[in-house]
Structures are given as structure tokens and as C-alpha cells.
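**Student:** This is the structure I want to talk about, given as C-alpha cells.
Residue numbers (my numbering), protein chains in the order written: chain Z, 33 to 560; chain G, 6 to 318.
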């Protein structure tokens with residue numbers, strides 16, 4: 033063999049041996065993630081979908097963050113103090129906080145961001161209604177002065193559900209809250225690669241080397257958010273079977289929401305791990321329109337409540353995997369500090385069709401149509417709709433099953449017109465369990481009439497109880513108030529919880545550090 | 006020919022105008038509201054109304070249509086309600102995967118279907134003919150997504166020869182590009198291959214019974230030149246027509262195929278936009294598809310003159 037040929041072939045052999053190692057190194061620095069849905073935008077205030085919240089948590093940081101015990105922990109804040117009357121809150125930012133454009137995070141960025149958030153968020157609006165003034169005292173300190181105390185202020189600033197009180201530069205935060213921001217600059221652990229963003233297909237995040245992580249370990253939205261990847265690539269795969277195949281073949285590392293039907297298949301693959309995604313789960317909801325007959329009469333709402341059998345609803349959603357659901361005779365997420373079953377016998381006792389029929393007759397129900405909007409493009413709403421149609425027919429309701437898509441339900445349920453003129457009588461949906469841990473994030477439990485969530489239940493007594501809960505000084509008092517609210521809401525049948533259910537997440541063997549949380553936690557995740 | 010071409014190009018203008026009006030009207034009367042989708046599950050009706058106003062969706066039909074048309078005429082397809090990105094930018098991002106998928110499918114289909122049709126006609130009534138027709142019936146009757154899942158299961162998941170999903174742009178290498186398109190192209194091509202093979206067979210059978218074919222054989226020409234030089238060229242006009250009409254099939258099939266194989270193309274963009282009621286995107290994409298369809302038909306008409314010298318415009 034000639035010397036040159038020998039060198040060439042040796043070099044080729046060496047390169048071919050080295051290539052896999054280089055590729056493996058590069059592979060370990062990129063996490064390929066399949067999110068629950070397409071990322072349509074990245075405005076944490078304007079965008080209300082959970083997927084927007086999840087992406088925003090990578091790019092933006094918050095002043096406080098909820099940890100796994102549902103306690104608000106300082107995040108961007110170094111310290112805070114409250115006046116003895118509870119009206120003045122003073123916050124001091126941590127030193128060294130930097131936005132992705134290289135500018136320092138200042139107190140005025142925080143006040144502008146909170147101002148925009150307060151215009152859109154339910155809890156933010158409660159604060160705004162009490163707000164006397166909010167201003168920066170210096171570059172790192174700002175003050176919120178209230179007209180009346182709001183003990184849940186820290187919880188509101190730490191909230192993990194949309195709309196997110198994320199901090200962005202003042203110039204961006206000055207965008208109209210009802211219009212989308214066009215620059216996605218935060219001070220979170222990753223930067224958004226807008227140039228690589230293909231909505232509906234791909235979103236890429238790169239590690240922000242200027243991120244000032246807290247010293248403590250990451251804990252949900254709180255703690256040091258250390259990222260061990262150069263890039264996190266979100267691959268939007270709309271088809272569940274394709275996503276399952278991609279995970280099995282190793283084309284992706286982590287799938288946020290595998291369908292329960294596909295989980296047995298994934299479990300057969302020794303390279304795939306499956307576990308519950310969110311310990312706070314989800315709450316199924318049967319929502320009625322309180323404005324029009326028949327459900328403007330509490331007796332008719334109670335008649336329906338009598339025949340709702342939660343296990344049927346849950347099995348319609350998650351199939352036969354009984355580990356994935358729990359009965360929930362409550363309006364509060366099971367397993368959380370305020371959970372109560374006070375008044376829950378209305379949902380947990382034996383189902384009584386005879387009593388329901390009797391109540392229908394007493395109320396003078398004459399077989400008027402019940403317009404039920406069913407989004408058949410979502411398994412959760414379709415399953416609940418089918419079960420309701422069945423039990424309501426058995427109980428004697430005349431159900432008009434309107435099969436449509438979620439986009440149409442979303443628009444139609446906002447209409448206050450009579451059901452015969454384009455309105456509605458009932459629909460099904462679900463809330464994340466994190467939204468039902470107390471009345472603050474749970475919009476469905478409020479009974480403020482015209483200002484309430486779709487269905488517009490009106491009950492000043494329940495609202496007064498919720499007001500007392502907001503003012504409750506400690507956990508024991510909160511629990512007392514929640515018991516009252518739960519009992520009263522069961523009697524009033526504000527809505528009907530159809531049960532509590534979990535979802536799965538799945539990932540490749542070799543990916544470590546994945547935790548159960550209401551959102552995908554990317555910090556502290558590593559890949560072998 | 007030049008006059009004809011110009012006339013046809015000018016004729017696309019009223020066609021596109023009618024399509025624009027039709028699409029806009031359809032979306033206007035369709036149920037659903039992007040403001041409700043944007044506002045989210047916890048929004049109040051007031052917030053939804055506020056968002057609707059900020060998007061200009063509360064304006065009268067004629068004002069909205071006029072505004073949109075004015076911008077379209079000036080080359081501006083508008084801005085996506087959800088992503089805040091220009092529709093033209095979103096289409097540009099998605100055009101390469103869809104175009105690649107269609108071209109590869111088209112080439113694959115022609116390469117497979119035409120010889121199949123020719124052989125079926127040549128062996129009419131024999132087992133080869135019946136076998137090919139069985140394949141054609143299967144291609145017609147099997148839904149696109151079923152073919153996709155079966156191919157992905159066998160060739161991606163079991164054999165690991167090809168990727169399950171995704172798309173690699175051609176600038177990242179021809180082989181990686183082709184690897185991501187093989188399964189989708191076979192999936193999308195199933196019905197197209199069946200259609201072209203059947204038409205080729207029928208058209209060839211018609212031509213093979215003509216006198217000039219008998220003459221060609223009588224003067225001692227081999228079967229291959231008879232089939233592929235004399236017969237096929239004269240059978241080409243109906244085949245070309247079907248190939249053109251089949252572009253509509255490809256566009257429809259691309260929506261499903263792109264979803265099954267997670268290809269970031271125009272089909273998925275359309276579905277996503279429809280589900281969210283992203284009106285500017287739907288209007289832009291439908292307008293583009295209509296234009297492509299009109300253009301393809303024009304090209305087909307011009308190709309007639311190549312295959313049949315008797316046709317003159």
C-alpha cells in the first residue's frame with residue numbers, strides 16, 4: 033500500500049470512528065420535545081393557551097414562582113416587605129438580572145409588565161381594582177400601594193396559569209394588552225430563536241448564558257432554573273400515532289401529552305419511560321347557562337347533578353386506566369391544601385334517576401330543548417358530551433346534541449342570546465388542576481352574574497364567601513371559608529365537576545430529571 | 006399561441022376575484038370566532054369583544070372584504086391573527102416542503118403508474134393485467150392515512166430504514182431530503198398512481214386497437230417501440246388531462262399526508278388556520294392553491310399541443 037493511500041484510509045477510518053462520538057455529544061446538548069400543541073405566539077399576557085405559558089416560562093422570568101408545595105417563592109425578587117396594614121408592598125429585585133438583549137432588568141420594567149398583565153388577568157384585575165399606585169423607587173425597588181388589603185398578592189404574582197405575570201422590558205410591556213408583542217425578549221433561562229420559528233412545526237430555544245440563576249435547586253416555577261442543553265427544540269407533531277412512533281424510534285426525546293390509548297404501546301418499549309405528567313391533574317366541567325330555561329331554575333340543575341356519575345365521565349375521557357382518575361365531589365383540586373368534600377354528597381352518593389325525574393316534574397319541565405354544545409374534535413369534550421347526552425335522556429331531558437368543533441364552541445358559548453337564537457344551554461370543558469387549587473385562579477367557581485364566566489351564574493352570597501376567603505389571614509381560616517364555598521356551590525350547582533383526571537408524559541431512556549408538574553420543567557433535565 | 010397564453014393568463018384575474026369573494030364570504034358566515042380562541046378558556050365576553058374590536062373583526066363585511074382585497078391587490082396577504090407574522094412569510098416558510106412533496110410524488114407516480122398502465126393494457130385479461138388492476142383498486146380505496154401509518158410502521162418503526170416524520174430542506178443534502186419524502190410520497194401517491202394507471206390502461210387499449218398500431222406491428226416493429234413510441238404518445242392526451250386534474254387530489258391528500266408525517270407544509274398550515282379561525286392565513290392559502298390549480302390547467306392545455314400536433318390555439 034502506498035503511504036498516501038494508507039494515510040488517507042487511516043484518516044477516513046479515524047473520522048468514521050470519531051463521528052458517532054461527536055454526534056453523541058451534539059445530541060446530548062439538544063433536547064427534542066413534542067409539546068401538547070402548536071406554539072402560536074409567545075406573548076405571556078396576550079396568549080392564553082397553556083402551550084404559550086409553557087414556552088413563556090423558558091423565555092421570561094417572574095417576580096415570584098410557585099413551588100411544588102404551591103407556595104409562592106421569590107424568583108426575580110431578592111426580598112419584599114409588607115406594611116402592617118397590608119396596603120403597601122415593597123419589592124427589591126435581585127442584582128445581576130439581565131434581559132436577552134443585554135440590558136439590565138430594572139424596577140420600571142417590572143411595574144410596566146405588571147401593569148400590562150393586570151389589564152388581562154383575572155387576578156390581576158382584582159389587584160388593579162384595589163390599586164392606589166405602583167411605581168419604581170429606584171432601579172431595583174418598586175412599590176405597590178393598595179386601597180384595600182389583598183393578602184393573595186404574592187400568590188397572584190407567582191401564579192403558574194395563563195395569563196403569566198412575566199417581566200419584559202418596559203418598551204415591550206407598553207404594548208396594548210389586547211395586542212400581541214412582536215419582540216420576545218425576557219430574562220428567563222433560554223432565548224427564543226425567532227428566525228427558526230415555523231409556527232405549526234418548530235420552535236427553538238437557546239440557552240441564555242447571561243441568566244442569573246438562583247442558588248437553590250429548581251422547584252417548579254421557583255429556584256435556580258439551570259439549563260443543561262444548548263438548545264431545546266420543540267417539534268410540533270399533530271398526530272398522536274406519529275408522535276408515539278417518533279418517540280419509539282428516538283427521533284424525539286420527550287413527549288408532553290401521550291394519549292392514554294397509546295401508553296400501553298409505549299410501555300412495551302424498553303427505551304421509553306412513561307409517568308403521570310401533572311400531579312395536579314385536570315378537572316372535568318359540565319357548565320350550564322344560568323340565564324335561560326331550563327337551567328335558570330336551580331331544581332333543574334340539581335336534577336342533572338343527581339344523575340351525573342363521575343366514573344362514567346372519567347372512563348369516557350381516559351379509558352379503562354383507573355390509575356388516571358379520581359372521583360371529585362368538590363370544586364377544589366384533590367390533594368391540595370384546601371381540598372374539601374363539604375357538600376360533596378350531591379355528587380358522591382348513589383345516582384338517583386327517579387328523584388331527578390320527580391324534580392323535573394316539580395319544576396314544570398315540559399321537554400324544552402336543552403342545547404348542548406359538544407366539541408367533537410377534542411376527546412375530553414366529546415367523551416363528556418356523549419355521557420351527558422345519555423344520562424340526560426334517561427333522566428327525561430330533551431337534549432339537542434350540537435356536534436361541532438372547539439373553535440365554534442369557544443365563540444358560541446360567549447353569546448348571551450337565548451338558545452333558540454344562537455345561544456346555548458350547556459357545554460363541557462376542563463380546567464387544569466392548578467387552576468382549581470383555590471378560588472383565585474378558578475374562574476368557573478365565581479358567581480358574579482353578568483361578569484361571571486360563560487353561563488353567568490349569579491349568587492352574591494357565594495361571592496361574599498369568596499371575598500372572605502381572599503381576606504383570610506391563615507390556612508385554617510382559608511379552609512373554613514373553602515368548606516362554606518364548596519357546600520354553597522354544590523347546593524347552587526354553579527357548575528358540575530365531572531371528575532379529576534391525570535395525563536401522562538413520556539420520554540426516552542437516558543433523559544433524566546423530568547419531574548411531575550403542571551407544565552414541562554426543562555431546568556435540571558439532562559440527557560446521557 | 007402567444008395571444009392564447011395571454012388570454013388565459015388574463016382569464017385568471019376574474020377567476021381569482023371570484024375565489025377571493027367566495028372564500029371571504031364562506032369564512033364570514035362560518036361559525037367560530039378567532040377572538041374567542043385568542044381570549045382563551047377563562048376570558049369574559051367583554052374581553053372577547055375587546056379583542057374582536059382590536060382585530061377589526063367587528064367591522065361590516067363589505068369594509069373588511071374591501072380592506073383585505075385592497076391589500077391583496079397590492080401584494081399584501083395580511084398578517085396572521087395568531088402569530089402576528091405576515092401571511093406571505095408563513096406561506097414562504099411552508100412552500101418548500103409541500104412543493105417538494107408534490108414534485109416527488111408526481112415523479113414517483115408517473116414513473117410507476119404509466120408503465121403499470123401500459124403493461125396492463127398490453128396484457129389485457131391476463132394475470133398481469135388483473136394484478137395491476139387489483140393494486141389500482143387498492144390504491145383508490147385505501148385512505149391516505151391508512152397507507153401512511155402502515156408504511157411508517159413497517160419502514161420507519163420496524164425496519165428503521167426511513168424517518169417516521171419531519172422534513173429536511175434540500176440545502177441540507179439531497180439524500181436526507183429524499184429520505185424524509187419517500188414514505189410521504191408513496192402515501193400521497195397511492196391514489197394518484199391508481200388513477201393514472203387506470204387511465205393509461207384505458208387510453209392505451211383504445212389506441213392499441215387503431216389501424217396505425219396494427220400497421221406498425223405488420224411492418225415488423227418490436228412491441229416496445231410500438232407501445233412506448235407509437236401508442237403511448239397518442240394515448241398521452243387523456244393521461245396528461247388526468248395528471249392535471251389530479252393536482253387537486255394531491256393538494257387535498259397533502260393535508261392528510263403532512264399531518265401524518267409531521268411535514269411543515271401548506272396543508273398543515275391550512276388545517277391549523279381553519280381550526281383556529283385564522284382568517285388571513287386561510288384566505289391567503291386558498292388563494293394560492295386556486296392560483297396554482299389555474300396555472301397547472303394552463304400548463305396542461307399547452308402540453309396538449311406537444312403530444313397532439315393537431316391541437317392548435
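By construction, the Cβ of each residue, glycine as well, lies at the ideal position given by its N, Cα and C atoms.
Exposed or buried, residue 187/Z, counting other C-beta atoms within 10 Å across all chains shown (16 or more means buried)?
**Tutor:** The residue you call residue 187/Z lines up with position 155 of the first chain. When all chains shown are included, residue 187/Z counts as buried.
**Student:** With 16 as the cutoff for other CB atoms within 10 Å, does residue 143/G come out buried or exposed?
**Tutor:** As a working mapping, residue 143/G is identified with position 138 in the second chain. Label assigned to residue 143/G: exposed.
**Student:** Who are the near neighbours of residue 42/G in its chain, counting only those whose CB is closer than 7 Å to its CB and skipping five residues on each side?
**Tutor:** Translated into the one-based positions of the second chain, residue 42/G becomes position 37. 281 and 282, listed in sequence order.
**Student:** Taking only runs of the alpha helix (DSSP H) that begin and end inside the region 316-395 of chain Z, which ones reach a length of at least 4 residues, in chain order?
**Tutor:** Within the region 316-395 of chain Z, the complete alpha helix (DSSP H) runs of at least 4 residues are 330-339, 342-350, 377-380 and 385-394.
**Student:** Find the residues of chain G that neighbour residue 521/Z, judging by a C-beta separation of less than 8 Å, and give them in chain order.
**Tutor:** Residue numbering aside, residue 521/Z sits at position 489 when the first chain is read from its first letter. Per Cβ cutoff of 8 Å: no residues; residue 521/Z is ~17 Å from chain G at best.
**Student:** What residues of chain G sit near residue 228/Z, judged by a beta carbon separation below 8 Å?
**Tutor:** The residue given as residue 228/Z occupies position 196 in the first chain. Here the premise fails: no neighbours, minimum Cβ distance about 10 Å.
**Student:** Would you tell me roughly how many angstroms separate the C-alpha atoms of residue 347/Z and residue 339/Z, rounded to the nearest one?
**Tutor:** Here the question's residue 347/Z lines up with position 315 in the first chain. Here the question's residue 339/Z lines up with position 307 in the first chain. Residue 347/Z and residue 339/Z: Cα-Cα distance of roughly 16 Å.
**Student:** Can you name the residues of chain B whose CB is closer than 7 Å to the CB of residue 210/Z?
**Tutor:** Annotation note: the requested chain B is absent from the structure, which comprises protein chains Z and G.
**Student:** Rounded to whole angstroms, what's the CA-CA distance from residue 179/G to residue 172/G? Just pull it up for me.
**Tutor:** Your numbering for residue 179/G matches position 174 in the second chain. Your numbering for residue 172/G matches position 167 in the second chain. C-alpha separation (whole angstroms): 12 Å.
**Student:** Applying a beta-carbon distance threshold of less than 7 Å, which residues of chain Z neighbour residue 277/G?
**Tutor:** The residue given as residue 277/G occupies position 272 in the second chain. Here the neighbours are 70 and 232.
**Student:** Once you ignore the five residues that flank residue 505/Z on each side, which residues in its own chain have a CB closer than 8 Å to its CB?
**Tutor:** As a working mapping, residue 505/Z is identified with position 473 in the first chain. Excluding residues within five positions, the ones whose Cβ falls inside 8 Å are 183.
**Student:** Less than 9 Å between CB atoms is the rule here; does residue 170/G satisfy it with respect to chain Z?
**Tutor:** The residue you call residue 170/G lines up with position 165 of the second chain. Yes - at least one Cβ of chain Z is within 9 Å of the one on residue 170/G.
**Student:** Quick one: is residue 214/Z buried, meaning 16 or more other Cβ sit within 10 Å of its Cβ, or exposed?
**Tutor:** For this step, residue 214/Z is matched to residue 182 along the first chain. Residue 214/Z should be labelled exposed.
**Student:** From residue 529/Z to residue 162/G, what does the alpha carbon distance come to, in whole angstroms?
**Tutor:** For the purposes of this step, residue 529/Z is taken as residue 497 along the first chain, with counting starting at 1. For the purposes of this step, residue 162/G is taken as residue 157 along the second chain, with counting starting at 1. Cα to Cα, the separation comes out at about 41 Å.
**Student:** If you measure between the beta carbons of residue 40/G and residue 62/G, is that distance less than 9 Å?
**Tutor:** Taking the second chain and counting its residues from 1, the one referred to as residue 40/G is at position 35. Taking the second chain and counting its residues from 1, the one referred to as residue 62/G is at position 57. Taking 9 Å as the Cβ cut-off, residue 40/G and residue 62/G qualify as a contacting pair.
**Student:** Taking buried to mean at least 16 other C-beta atoms within 10 Å of its own C-beta, is residue 365/Z buried or exposed?
**Tutor:** Here residue 365/Z corresponds to residue number 333 of the first chain, with the count starting at 1. With 16 or more other Cβ atoms within 10 Å, it is buried.
**Student:** Within 9 Å of any Cβ in chain Z, is that where the Cβ of residue 103/G sits?
**Tutor:** The sequence position of residue 103/G within the second chain is 98, counting from 1. It does not: the Cβ of residue 103/G has no partner Cβ on chain Z nearer than 9 Å.
**Student:** At 9 Å on the CB atoms, spell out the chain G contacts of residue 280/Z, in chain order.
**Tutor:** In the first chain, the residue the question calls residue 280/Z occupies position 248. The contacting residues are 162 and 169.
**Student:** Alpha carbon to alpha carbon, what distance is there between residue 158/Z and residue 51/G?
**Tutor:** Counted from its first residue, the second chain places residue 51/G at position 46. Counted from its first residue, the first chain places residue 158/Z at position 126. Using only the alpha carbons, I get a separation of about 16 Å.
**Student:** What residues from the region 533-554 of chain Z come within 8 Å of chain G, judged by C-beta to C-beta, listed N to C?
**Tutor:** Those would be none; no residue qualifies.
**Student:** Which parts of the region 186-228 of chain Z are runs of the beta strand (DSSP E), unbroken and 3 residues or longer, counting only runs that do not cross its ends?
**Tutor:** Whole beta strand (DSSP E) segments, 3+ residues: 222-224.
**Student:** Which residue or residues does DSSP assign as beta-bridge partners of residue 178/Z?
**Tutor:** Along the first chain, one-based indexing puts residue 178/Z at 146. For residue 178/Z, which the question treats as bridged, DSSP gives the partners 163/Z.
**Student:** Tell me whether residue 240/Z sits in a helix, a strand or coil according to DSSP, three-state version.
**Tutor:** Here residue 240/Z refers to the residue found at position 208 when the first chain is read from its first residue. Residue 240/Z: coil per DSSP, three-state reduction.
**Student:** Which same chain residues, not among the five before or five after residue 462/Z, have their C-beta less than 7 Å away from its C-beta?
**Tutor:** For this step, residue 462/Z is matched to residue 430 along the first chain. The residues are 314, 315, 316, 317 and 412.
**Student:** Inspect the beta-carbon positions of residue 139/Z and residue 171/Z and report whether they are closer than 9 Å.
**Tutor:** Within the first chain, residue 139/Z is the residue found at index 107, counting from 1. Within the first chain, residue 171/Z is the residue found at index 139, counting from 1. Yes. Within cutoff.
**Student:** To test your reading of the DSSP string, which unbroken alpha helix (DSSP H) runs of 4 or more residues are found completely within the region 249-297 of chain G?
**Tutor:** Listed in chain order, they are 271-281.
**Student:** Assuming residue 543/Z and residue 286/Z form a contact by the criterion Cβ under 8 Å, report the distance between their Cβ atoms to the nearest whole angstrom.
**Tutor:** As a position in the first chain, residue 543/Z is number 511, starting the count at 1. As a position in the first chain, residue 286/Z is number 254, starting the count at 1. Rounded, the Cβ-Cβ distance is 6 Å, consistent with contact.
**Student:** Would the region 263-282 of chain Z count as touching the region 508-515 of chain Z if we require 3 or more Cβ pairs under 8 Å?
**Tutor:** Not touching, per the Cβ criterion.
**Student:** Give a yes or no on whether the C-beta atoms belonging to residue 407/Z and residue 456/Z are separated by under 9 Å.
**Tutor:** Here the question's residue 407/Z lines up with position 375 in the first chain. Here the question's residue 456/Z lines up with position 424 in the first chain. No; because the gap between Cβ atoms is not below 9 Å, this pair is not in contact.
**Student:** Give the secondary structure of residue 400/Z by DSSP, where H, G and I count as helix, E and B as strand, and everything else as coil.
**Tutor:** Position 368 of the first chain holds residue 400/Z. Coil.
**Student:** Report the start-end ranges of each alpha helix (DSSP H) in the region 174-222 of chain G that is 4 residues or longer and not cut off at the edges.
**Tutor:** Whole alpha helix (DSSP H) segments, 4+ residues: 179-213.
**Student:** Can you name, in chain order, every residue of its own chain whose Cβ lies under 8 Å from the Cβ of residue 59/Z, other than the five neighbours on each side?
**Tutor:** For the purposes of this step, residue 59/Z is taken as the residue at position 27 of the first chain. These residues qualify, in order along the chain: 559.
**Student:** Beta carbons nearer than 9 Å to chain G: which residues of the region 422-440 of chain Z have them?
**Tutor:** Residues 436, 437, 438, 439 and 440.
**Student:** By the 10 Å Cβ neighbour count, where 16 or more other Cβ atoms means buried, how is residue 64/Z classified, buried or exposed?
**Tutor:** As a working mapping, residue 64/Z is identified with position 32 in the first chain. Its Cβ being crowded by 16 or more others within 10 Å, residue 64/Z is buried.
**Student:** If I measure Cβ to Cβ from residue 38/G and keep anything under 8 Å in the same chain, skipping five residues before and after, which residues do I get?
**Tutor:** Position 33 of the second chain holds residue 38/G. If we look at residue 38/G and ignore the five residues flanking it on each side, its Cβ neighbours are 53, 57, 62 and 282.
**Student:** Is there a Cβ of chain G sitting closer than 9 Å to that of residue 446/Z, yes or no?
**Tutor:** As a working note, residue 446/Z is residue 414 in the first chain. Answer yes: the Cβ-Cβ gap between residue 446/Z and chain G drops below 9 Å somewhere.
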